[in-house]
Amino acid sequence: MIEINNLTKVFYPGTVNEKVALENISLKVDEGEIVCVIGSNGSGKSTLFNLISGTYSVTNGQIIFKDKDVTKMPEYRRAKYIGRIFQDPTKGTAANMTIEDNLITASSKGWKSLKISLNNTRRKEFSKLLIPIGLQDRLKDNVGLLSGGQRQALTLLMTIMSNPEVILLDEHTAALDPRNAEIVMDLTLKYIAEKNLTAMMVTHNMKFAIEFGTRLIMMDEGKIIFDVKGEDKKNLTVDKLLEIFKNIKNEEFTNDEGLLNV
Amino acid sequence: MLEGIFVDGLIFSIMVIGIIISFRVMDFADLTCEGSVAAGAAIATVHIVNGGSIIVALLLAFLVGAMAGTVTAIIHNKFKIPGLLAGILTMTMLYSINLRIMGNRANIPLLKSVTFFDKVENFFPFLPSSVASLIGIILVVLLIKILVDIFFRTDLGLSLGALGGNEQMVISQGINPEYLKIMGISFSNGLIALSGGLLAQYQGFADGNLGQGMIVQGLAGIMIGEFLFSSNKISLITLRAILGAIIYKALMFLGRKYGYLIHITPNDFKLLTGILVIISLWIASGRSKASARSAKKNAIHRSLERTGDIK
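Just so you know, the protein sequences line up as chains W and X, in that order.
Quick note on numbering: the first sequence equals residues 1273 to 1534 in the numbering used here.
Quick note on numbering: the second sequence equals residues 43 to 353 in the numbering used here.
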């Protein structure tokens, strides 16, 4: 589904602020895989997502989507295949418009025509869709009036409605309170299963990353340091994961030490 | 006299609707307006003076405004500069272009030509000329209002609204925001120039300096309208734009007529309009603070009730 070859991203190249955010990453995500991505702050998780969805241009390397090279394709065109949900609940919806207007805008991807698609049949459909998140009676309310949890749930609904093939979830429940985070996460998993989506999910919750998904990737300092799937992933525990992380870090540390001593 | 205020206000309201599209719907502070209103006036006047038809003159005005808007949007898109600066660039360039359109004259009178308003008067010979003008302009504004209302209910119009609320959402929906901006800003400036084309015919001349201060006047009209009622429905938003525009023109009329009593001359109007906008902003921020306060009061009230329940 997604194939990433030798991807490198350098910010502010040639200046004193030069920062290598991703270094020579290669990754192949198959159809139907649910990949949990973990790693500390600054490890390159968000950069990886921004490169896949086209927000940033790549420094070097190649991104292939369904055998098609999309490395140079602008973000809005890649968006036809990719649904993306951000950590910030305000990024997925337009606050100045009503819920129904947001939904109708999200119901198809690509350039819109001069057709009036919003009618009572669609309104009924929307009401039904909104029942799980309790917004069925608020079609005509502005999205700006909703809470963060409601907005994120609406964003999720809108993303699913537009029928993406891959969804990228960038800590999309991190800004919500625990109860809302749970609701949104449950819905997310339900939709992923229902629509048979390929998903990549950044999370800080190791336990969650171990329990859910078919594959786990750990990133550190712009590299993928650990990649596990199938049976190996099922046997994973938080303690084991932490141990692996420590071992890898230690190795690096001793290597660095060695370099300094020379 | 009263009809005059309404005609003036209704012509102005077309411009206010145009400014609402850029400033409010798209959240794009576009100053092209000052140039495009004069450009619309210039091209319509030149076309009519040369014996062209009025409908074509107004269409040309719309087109020239749309072209100006396209230039602003392209400058903004390609060079990644803020919309404000892109608009100022186009506005300044338009000043020269407008003088070119008018054959390097600063002012072209229309008094000897047949204008839109003369036509309407001839169409309703049994009515006083001022009433006939009023009916004519009401029909034009109504037509524009309906078209704008319908446009913003289409899928394309909604995506323009989404652009103003959240550009990332538009990109995530697979829409190229650059094209949307070109379309929206050119539509907005088309209406503004159309308003200029009508204004020139009403006041009987086109002037290179017509656009000066127009954006602040337009904002004053928008803000007066927003005091009348709040709504998120496009039909009510355009309605209050029209009402706000008329009220603004009425205020200016009163200022012209009775201002001498407190030593105000028309020279002071730009200052007063600016102050009007500032006061509107002040009242609006006071309002939102007041509603925050009352929300807080309600919240405290509710929490007290809840603790009461437990007891």
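We put the beta carbon where it would ideally sit given N, CA and C, even for glycine.
- Listed in chain order, the non-local C-beta contacts of W:HIS1476 below 8 Å within the same chain comprise ILE1310, GLU1443, ALA1446, local neighbours out to five positions each way being set aside.
- Relative to the Cα of X:SER201, the nearest Cα in the group X:GLY216, X:LYS187, X:ILE188, X:LEU189 belongs to X:GLY216.
- Neighbours of W:LEU1386 across chain X, judged by C-beta separation under 7 Å: THR196, LEU198.
- Among the residues facing chain W, X:GLN210 is included, as its CB has a counterpart in that chain under 9 Å away.
- Relative to X:LEU185, the option among X:HIS343, X:LEU323, X:LEU52 whose CA is nearest is X:LEU52.
- Contact between W:ARG1487 and W:ILE1274 fails: their C-beta atoms lie close to 12 Å from each other, not under 8 Å.
- Under the three-state reduction of DSSP output, X:ILE61 falls in the helix class.
- Distance between W:ALA1366 and W:SER1380, taken at the CA atoms: about 16 Å.
- The beta carbon of X:GLY206 is closer than 8 Å to those of ARG66, VAL67, MET68, ASP69, PHE70 in its chain, skipping five residues each way along the sequence.
- In this structure, X:LEU153 lies near X:GLY246, with their beta-carbon atoms less than 9 Å apart.
- X:ALA86 is positioned such that its CB atom lies closer than 9 Å to that of X:LEU100.
- At a cut-off of 9 Å, the C-beta of X:SER277 has no neighbouring C-beta in chain W.
- Between W:VAL1301 and W:THR1470, the C-beta spacing is below 9 Å.
- Ranked by Cα distance from X:MET144, the first of X:ILE288, X:ASN309, X:ILE90 is X:ILE90.
- Contact residues of the stretch 86 to 109 of chain X toward chain W are absent (C-beta to C-beta distance below 9 Å).
- Residues are counted here when their Cβ sits less than 7 Å from a Cβ of chain X; for the stretch 1408 to 1426 of chain W these are ASN1414, given in chain order.
- For W:ARG1451, the enclosing alpha helix (DSSP H) covers residues 1450 to 1467.
- For the stretch 114 to 195 of chain X, the full-length alpha helix (DSSP H) segments reaching 4 residues or more read 125 to 143, 158 to 165, 171 to 193 along the chain.
- Within 8 Å of the CB of W:MET1369, the CB atoms of chain X belong to LEU200, GLY203, ALA204, GLY207, ASN274, in sequence order along the chain.
- Per DSSP, the unbroken beta strand (DSSP E) holding W:GLY1355 starts and ends at 1354 to 1357.
- In this model, X:LEU181 and X:GLY263 are separated by some 20 Å (Cα to Cα).
- DSSP, reduced to helix, strand and coil, places W:THR1431 within a helical segment of the structure shown.
- In the three-state DSSP reduction, W:ARG1410 falls in the coil class, being neither helix nor strand.
- Rounded to whole angstroms, the Cβ separation of W:GLU1295 and W:THR1280 is 6 Å, and the two are in contact under 8 Å.
- At a cut-off of 9 Å, the C-beta of W:THR1287 has no neighbouring C-beta in chain X.
- Secondary structure of W:ILE1336 (DSSP, three-state): strand.
- Here W:ASP1458 is exposed: its Cβ has fewer than 16 other Cβ atoms, across all protein chains shown, within 10 Å.
- X:SER55 places its beta carbon 9 Å or farther from that of X:ALA292.
- Contact annotation for W:ALA1453 against chain X: no contact, minimum CB-CB distance about 21 Å [criterion: below 9 Å].
- Within the stretch 213 to 242 of chain X, ILE213, SER214, GLN215, GLY216, ILE217, ASN218, PRO219, TYR221 place their CB atoms closer than 8 Å to a CB of chain W, listed in sequence order.
- Per DSSP, the beta-bridge partners of W:ARG1487 are W:VAL1307, W:LYS1501.
- Beta-bridge partners of X:ILE288 (DSSP): none assigned.
- Using a 10 angstroms sphere on the CB of W:SER1318, the tally of other CB atoms reaches 16 or more, which defines it as buried.
- X:GLU76 and X:ALA334 have their C-alpha atoms roughly 36 Å apart.
- Taking a beta-carbon distance threshold of 9 Å, X:ILE62 does not count as an interface residue toward chain W.
- Interface with chain X (9 Å Cβ-Cβ cutoff): W:THR1343 is excluded.
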